[in-house]
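What follows is a set of notes on a single structure, which appears directly below.
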Amino acid sequence: MKKVKTRFAPSPTGKMHVGNLRTALYAYLIAKHEGGSFMLRIDDTDQERLINGALDIIYRTLKETGLVYDEGPDKDGGVGPYVQSERNAIGLYLKYAKQLIDQGDAYYCFCDKERLASLKTTVNGKKIAIYDKHCLHLSKEEIEANLAKGKSYVIRMNMPMEGKTSFHDEIYGHITVENTELNDMILIKSDEYPTYNFANVIDDHLMGITHVVRGNEYLSSTPKYNRLYEAFGWEIPIYIHCPLINNQNGQKLSKRFANFSYEDLVKQGFLREAIINFVALLGWSPSEKREIYTLSELVQVFDYRRINKSSAVFDMMKLKWMNSEYMKAMDDEKFYKMALPYIKKVITKDYDLRRIAAMVKTRISVFSEIGKMIGFFEEVSDYDVQMYVHKKLKSTIETSLDILQKVLSLLEAFEDYSNVGLFQVLSGYAGRNGYTINQFMWPIRVAVSGKQATPAGATEILSIIGREETVKRIQEAIAKINDTL
RNA sequence: GGCUCCGUAGUCAAGCGGUUAAGACAUCGCUCUUUCACGGCGAUGACACGGGUUCAAUUCCCGUCGGAGUCACCA
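Position in the first sequence (from 1) plus 1 gives the number in the working numbering.
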């Protein structure tokens, strides 16, 4: 059997949204699972939509996620160049287009934009154009004359008007389409660049791609590509069309939904491994009951036959959960390093940031949540005294005031501000004064944090902020309560 | 609108003629705990509908409905 070769062929037109990323991932996994090779090709035939920096995003994303390609623009594998504009520059596509003209499968079309526009109809707000083969019957002389005049032209494929075309897709099975549905697609545009439709077929063949992996938005145009393969007498590749990834509204993700781009997710504090893992599970599932996989584990277990047919909704909640799983599993040192910038954003005081990082580790799902969770270490923001009330603990504003007043002098005089030291005295003191530990710690926490929920116990907070700050905050809390009584 | 594809809980998703219809996220309880979170235990919740085929349909076929994709000198 032929060695599997897949490719990822993005166009550098903006951000890498997760649908794109998943296509790259599946193409990678399919190749690697079979011990095959994975190639990167840049499909930049749309010169108008090119966006500066988009190329960098592609390279960076593949590098960061570990989707290393065996061949690509910067890694020659003998079938280059790997950038379509470069391939076009050497006349590659035009040569094949002319071959089709010679064979009678394609023809020059000189119709201008106005005429084409007149062919368009609008249905449900969508523009639909069906070309009427107007230029198909131009005589040789007319064509020569137009060419000689330098009239702008495109080259179109002459699609049959009757019969059916069917093909096989590994995921969707056999699909048959009436040939009348097939428009005379443009092969070469008037700027002499090929269309995706054409360039892809040429390149996939020339570059030895065995499995074409792409989103199912290409499903309905695949019959057109097969006409091309047939016209050239080339072997049709194995098609693997993946289901789409939808947004909450059930529509496919596109570059316009920027918040679903890989880089934005990273910016929001998601881990690359988690993103990859999550995206792998949108549209595919392993045969075992397991959800956490590293990339290399995915390579082991990935069977493309288990790819789904129906599209999936991108669920941020589950991504968060998965991200938190990765965070919890991360070793403390690595977590500390990654969390540090987020911690430093809100904390300028000289605290033990390592301990703060450790506190936060099991409580966040995304790095960006750190800030609001630990901001109180830096400064207690204004809060409602009702926070001292806790029904279950039988804590009221009065009991809280009592506890805080009692504990103030104790904490002023106390030396050992370690967590154990503090817990020992405070819990002992609580017992002697008829309070449970819970009741006693509650107002202390609120007083020094201004919050009911903190990423650590009361004594842990005290040990972080130290005696001076503790005393100050408790004094302020007492004053605050007195103000409201 | 034509064509194509899809349709199991709010979401992801197992299932491939006979199951108490897995599992995960979310939600809600209980538990653990110096609060919260984590962890542990549990609960709620689904085969879009209607016809067939069959001893038996979530599973196969047809139709209906619903959703999506596509119909570009975009990929």
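Think of the CB as a built atom: it goes at the ideal place given N, C-alpha and C, for glycine as much as any other residue. All values reported here derive from a predicted model rather than from experimental measurement.
Residues bridged to residue i by DSSP?
i, result
"residue 43", "84"
"residue 7", "39"
"residue 168", "176"
"residue 313", "246"
"residue 535", "The shown model of the chain, from 2 to 486, leaves out residue 535, and the question about it has no answer."
"residue 240", "170 and 213"
"residue 130", "121"
"residue 158", "107"
"residue 464", "Paired residue(s): none; residue 464 is not in a bridge."
"residue 391", "396"
"residue 253", "247"
"residue 18", "262"
"residue 285", "308"
Buried or exposed for residue i, please, with buried defined as at least 16 other CB atoms from any protein chain shown within 10 angstroms of its CB.
i, result
"residue 201", "buried"
"residue 301", "exposed"
"residue 323", "buried"
"residue 19", "buried"
"residue 238", "buried"
"residue 131", "exposed"
"residue 162", "exposed"
"residue 175", "exposed"
"residue 75", "exposed"
"residue 293", "exposed"
"residue 42", "buried"
"residue 120", "exposed"
"residue 212", "buried"
"residue 215", "buried"
"residue 242", "buried"
"residue 123", "exposed"
"residue 84", "buried"
"residue 244", "buried"
What three-state label does DSSP hand residue i in the structure shown?
i, result
"residue 25", "helix"
"residue 322", "helix"
"residue 222", "helix"
"residue 308", "strand"
"residue 297", "helix"
"residue 474", "helix"
"residue 181", "helix"
"residue 336", "helix"
"residue 233", "helix"
"residue 401", "helix"
"residue 163", "coil"
"residue 273", "helix"
"residue 139", "coil"
"residue 13", "coil"
"residue 349", "coil"
Closest to residue i by C-alpha separation, out of the options, would be which residue?
i, options, result
"residue 1", "14, 373, 125 and 109", "What the structure shows of the chain is the stretch from 2 to 486, and residue 1 is not part of that stretch, so it cannot be assessed."
"residue 154", "98, 104 and 166", "98"
"residue 280", "290, 295 and 268", "295"
"residue 411", "351, 468 and 30", "468"
"residue 193", "433, 253 and 91", "91"
"residue 143", "108, 133 and 278", "108"
"residue 374", "344, 417 and 184", "344"
"residue 52", "287, 381, 17 and 437", "17"
"residue 418", "353, 242, 47 and 283", "353"
"residue 347", "371, 360, 367 and 366", "371"
"residue 60", "96, 10 and 100", "10"
"residue 317", "266, 307, 273 and 285", "266"
For the region 353-388, list the alpha helix (DSSP H) runs that are entirely contained and at least 4 residues long, ordered along the chain. Qualifying alpha helix (DSSP H) stretches, in chain order: 354-362 and 371-379.
Which runs of the beta strand (DSSP E) at least 3 residues long sit entirely within the region 47-128? Give them in chain order. 107-110 and 121-124, all fully within the region 47-128.
Start-end ranges of the alpha helix (DSSP H) lying completely within the region 410-462, minimum 4 residues: Taking only runs of at least 4 residues, the alpha helix (DSSP H) segments lying wholly in the region 410-462 are 420-433 and 438-450.
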